[in-house]
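Inspection log for the structure reproduced underneath, given as structure tokens.
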Amino acid sequence: MTSTERTDVLVIGSGFGGAIAAYHLAAGGAKVVVLERGPWLTGEDFDQDFKLGSSYTRAFDFVVGEGMSILGGNCVGGGSVVYFAAMPRAPRFVFERHGSIGRRMWPAAVNRDTLDPWYDRVAESIPIHQNTWNDVSYAGGLWAAACNHAGRTANPVPAAIDPTQCVNCNWMMAGCRFDAKKSLLFTYLPAALAHGAQIRPLHEVQHITRTDDGAYQVHYQIVDDEDYRITTGSGTIEAKIIVLAAGAGATPVILQRSEPHLGTMPNAVGRYFSGNGERLNTAIINEDRVREVLGLERENGLAYEANQIGKGPVVANWDRLDGSLPEFERFSLEQLYFPPGLGTILAQVPGAEGISWFGVDKKEILKRWRSWLIIFQMIEDNNEGVFGPPPARGNADRLSQQMLGVGRLRYDPTPQTLRAWALADAECKDILERDGLAEVAAWTNDVVGAYTVHPLSSCRIGDDPATSALDDRHELRGHPGIFVTDGSAVPGALTVNPAMTISALAERAIPGIVAAAQERGIDVTYGAPAPNGGVAARRAAAPLVPELMRR
Amino acid sequence: MPSPAPEGRQATTMTLEAFADTIVPGEKRSPDDRAIAGATTGGGAVQAGALELLEWDATGLSEALDDLASALDVHAGALAAEHGLTLDEDVPPFVALPFEHRTELVQRLTLPGNPEKPLWVSLALFCNMAFDSAAHMHTADAIAQGHPGLLALGIEKPGPDGLWRFDHYSYGRPLARLHPDTTPSGSPA
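Residue numbers (our numbering), protein chains in the order written: chain A, 72 to 622; chain B, 1424 to 1612.
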């Protein structure tokens, strides 16, 4: 009989929530094991290739749900490897949102002021560059100029990209070949490894059980390196503390599958899912009007025709991030790049009557792909997502060898969400169709539902046990020693890209996790510097730590 | 004497080609091409390699193709009956449908609420991917070989080492006023 492997802290998932926890707990002296469902890819593993089986399909997952589909990371480093690296902080009003629960959604302890020191810790740990106008791609510049022409403002967005290494190839969704994107592979994860943490790729956690002495056992399957539909083994690891950070599309599924073993889960596990209010619009640009009206011209005499060039989103319009506006009327509009593969099928033909996501007219707009400008809306949705009973393994029934699966999320948007999308659609049109600059159409929600690249809130923090699965220190209600630190902990849509906020919340959760670990006899302390040794932000956040460690 | 209606693999291929051609239409490969309706000029999903992609087991659809084609032909027969159309029996029913009715059927099958929707959306997704990203080929090879979809989109060629880099990427000047409530680190206040 073999004995079960034991560790102090078991981290499920190696994205922002998992990597930050793994680093701090390992640096504090705990024995840490990280189980990651996806492969471990670096540098030259990142292909510039759309062929199935390249890093483009190995490193992320597209899970189709009913009314909402999720694009998420599936590799060591999680979302940080495949994301577009935009790292804005959430606007102040977001923390005061009520949604539809009749009270503030966020815990009383968290607002922009109390989170700013934790944002600062992230900013000290991940190199975030404030894009200048010289860094802004043609697509971002065009969006800025169109906003300006319509009397709006536009901001270059802060991003975790080193502009001196970036070649503006726009392949960053398949992982950055040139090491310009400063993913977790360059920050928290190597620091965690240096402190003895172990990271095990292709380990897909299925469920959690409890031991007689109050520890937990995590049960995983080993996934084939090429065909993720196949598993090649299984195992169990015992730990005193569990940090669950499998992403908002997977964390609640693991907890649902664990419920028969662990006992009743809080009501909010697998409920209140938010797609961060995301929706895409395609503008087909009139090149002549861009030159005539906006005075834009490239080095080669073209006005634009530069959809392929750049580094994801670099310019956002934040005029509607106005806290004096009512909830569900505030949103941002960010220029974005979406590669072919999954980035054209949902686009509709501007001005078309009826269904236009395929067919003759659709092909005509595909032929103008170089003149596409994609605008990404992030509205305040109404946390409508609910997860049905979990599939046999993982968080989806996998259809293809990689990337494509069918999950259990159901998302039926309420009138507030639909109206917010309509307001954002109208704003896009008002800006981009002005003086014939472009023709705009939203992506259809009728094919794979709404589409989010930033799943949130499926296991959220809060003060109200009925509507939040976690307390304000991220511990799962009724299940001491299990903490959730990924996007599922965020209470609701943020109206901006969420990576910075997910990370700040994870940083803020660490003192509480350390205190729980100490209580369970683990020899661990809180207080590691930033992964690069920086201590200024740690010093600034220090006064907040004792309260967060009080049990 | 008319040639007998195609059966088995040949019928499946024709039906799936006709489906792919409905998603991204192309021009006929020859005057007697039946699967491709010829609704537009230039290569469509079929010329882009839709069948090659669908038949690759990596998609997860390869085992189901015969059943999908048969089901599509049954739906086509029903649609023809509904419209009072008499279908040419030399080709599978979906292939025999005029392009407008192929389109109508695919629209119906992919509508929200249709219980078979996930199947047909998956099929459409890979047909579109064959065209917009040549997902059955290395992208650089596909461009070098003149892949009709990547050429239609106007995707730039990679450099000599097979990698994309863009030396020119920015208008390089301020193009808008910044939002007044922006923090020094560039975030919304």
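We put the beta carbon where it would ideally sit given N, CA and C, even for glycine.
- Could you round the C-beta distance between residue 470 of chain A and residue 357 of chain A to whole angstroms and report it? I think they count as a contact, below 8 Å. With a Cβ gap of about 39 Å, residue 470 of chain A and residue 357 of chain A do not count as contacting.
- Which of helix, strand or coil does DSSP assign to residue 1424 of chain B? Unreliable placement is indicated for residue 1424 of chain B, whose pLDDT of 44 sits below 50; the coordinate value is still reported in the next sentence. Three-state result, residue 1424 of chain B: coil.
- Assigned secondary structure, residue 1543 of chain B (DSSP; H/G/I helix, E/B strand, else coil): Residue 1543 of chain B falls in the helix class under three-state DSSP.
- Message: Could you tell me which whole alpha helix (DSSP H) segments of length 4 or greater appear in the stretch 324 to 366 of chain A?
- Response: 358 to 365
- Opening and closing residue of the beta strand (DSSP E) in which residue 156 of chain A lies: Neither: residue 156 of chain A is in no beta strand (DSSP E) and is coded neither H nor E.
- Task: Sort A/602, A/438, A/619 by Cα distance to residue 95 of chain A and report the nearest one.
- Result: Checked all of A/602, A/438, A/619; the closest Cα to residue 95 of chain A is A/602.
- Task: Give me the Cα-Cα distance between residue 548 of chain A and residue 279 of chain A, rounded to the nearest whole angstrom.
- Result: Residue 279 of chain A has its alpha-carbon roughly 15 Å from the corresponding atom of residue 548 of chain A.
- Query: Hey, is the stretch 418 to 434 of chain A in contact with the stretch 377 to 394 of chain A, meaning 3+ C-beta pairs nearer than 8 Å?
  - Reply: no
- Message: residue 1515 of chain B and residue 1445 of chain B - do their beta-carbons sit closer together than 8 Å?
- Response: The answer is no: Cβ separation not under 8 Å.
- Within chain A, the residues that residue 1472 of chain B reaches when beta carbons sit closer than 7 Å: In chain order: nothing, as chain A lies at least about 11 Å away.
- Cβ shell of residue 458 of chain A (< 6 Å), same chain only, five flanking positions each side left out: Leaving aside the five residues that flank residue 458 of chain A on each side, the residues in its chain whose CB is nearer than 6 Å to its CB run, in chain order, 323, 341, 479, 480.
- Task: Could you tell me which residues DSSP puts in a beta bridge with residue 468 of chain A?
- Result: A/477
- Query: Under 8 Å between the Cβ atoms of residue 529 of chain A and residue 260 of chain A?
  - Reply: Going by C-beta atoms, residue 529 of chain A is not nearer than 8 Å to residue 260 of chain A.
- Query: Is there contact here, the stretch 392 to 402 of chain A with the stretch 232 to 248 of chain A, by at least three beta-carbon pairs under 8 Å?
  - Reply: no
- Task: Give the range of the beta strand (DSSP E) segment to which residue 134 of chain A is assigned.
- Result: Residue 134 of chain A -> beta strand (DSSP E) spans 131 to 137.
- Query: Exposed or buried, which one is residue 578 of chain A when buried takes at least 16 other CB atoms within 10 Å?
  - Reply: Buried, since its Cβ has 16 or more Cβ neighbours within 10 Å.
- Near residue 98 of chain A, which residues of its chain fall below 6 Å by C-beta distance, leaving aside the five closest residues on each side in sequence? 266, 599
- Task: State the Cα-Cα distance for the pair residue 104 of chain A and residue 286 of chain A, rounded to the nearest angstrom.
- Result: 15 Å
- residue 216 of chain A at chain B interface by Cβ criterion, 8 Å: yes
- Message: Can you tell me whether residue 578 of chain A sits near the ligand SAH, meaning its C-beta is under 7 Å from at least one heavy atom of the ligand?
- Response: The ligand SAH is absent from the structure shown, which contains no ligands of any kind.
- For residue 1537 of chain B, which three-state DSSP category applies? coil
- Check residue 1439 of chain B in the structure and name its three-state DSSP category. helix
- Using a Cβ-Cβ cut-off of less than 9 Å, list which residues of the stretch 553 to 578 of chain A approach chain B; keep chain order. Sequence-ordered contacts of the stretch 553 to 578 of chain A with chain B read 566, 567, 571 [C-beta pairs closer than 9 Å].
- From the beta carbon of residue 1548 of chain B, is the nearest beta carbon of chain A less than 8 Å away? yes
- Query: Do residue 1441 of chain B and residue 1458 of chain B have their C-beta atoms closer together than 8 Å?
  - Reply: yes
- Residue interval of the beta strand (DSSP E) (run including residue 647 of chain A): Here chain A comprises residues numbered 72 to 622, so residue 647 of chain A is not present and cannot be evaluated.
- Query: Of all the CB atoms in chain B, is at least one closer than 8 Å to the CB of residue 273 of chain A?
  - Reply: no
- Message: Can you check which of these residues, A/380, A/128, A/180, A/147, is closest to residue 113 of chain A by C-alpha distance?
- Response: A/147
- So, residue 355 of chain A versus residue 80 of chain A, is the Cβ gap smaller than 8 Å? no
- Task: Determine, using beta-carbon pairs with one atom in the stretch 501 to 520 of chain A and one in the stretch 1529 to 1549 of chain B, whether at least three such pairs fall under 8 Å.
- Result: yes
- Task: Over the uninterrupted alpha helix (DSSP H) stretch that includes residue 308 of chain A, give me the two end residues.
- Result: It is not in any alpha helix (DSSP H) - residue 308 of chain A instead sits in the beta strand (DSSP E) that spans 302 to 315.
- Message: Can you give me the C-alpha to C-alpha distance between residue 339 of chain A and residue 537 of chain A, rounded to a whole angstrom?
- Response: Approximately 7 Å, taken between the alpha carbons.
- Message: With H, G and I counted as helix, E and B as strand and the rest as coil, what does DSSP make of residue 168 of chain A?
- Response: coil
- Item | Contact under 8 Å by Cβ, residue 574 of chain A with residue 531 of chain A | no
- Interface positions of the stretch 1519 to 1544 of chain B facing chain A (Cβ-Cβ less than 8 Å), listed along the chain: 1526, 1529, 1530, 1533, 1534, 1535, 1541, 1544
- With 8 Å as the limit, tell me which residues of the stretch 580 to 614 of chain A have their beta carbon closer than that to any beta carbon of chain B; keep them in chain order. none
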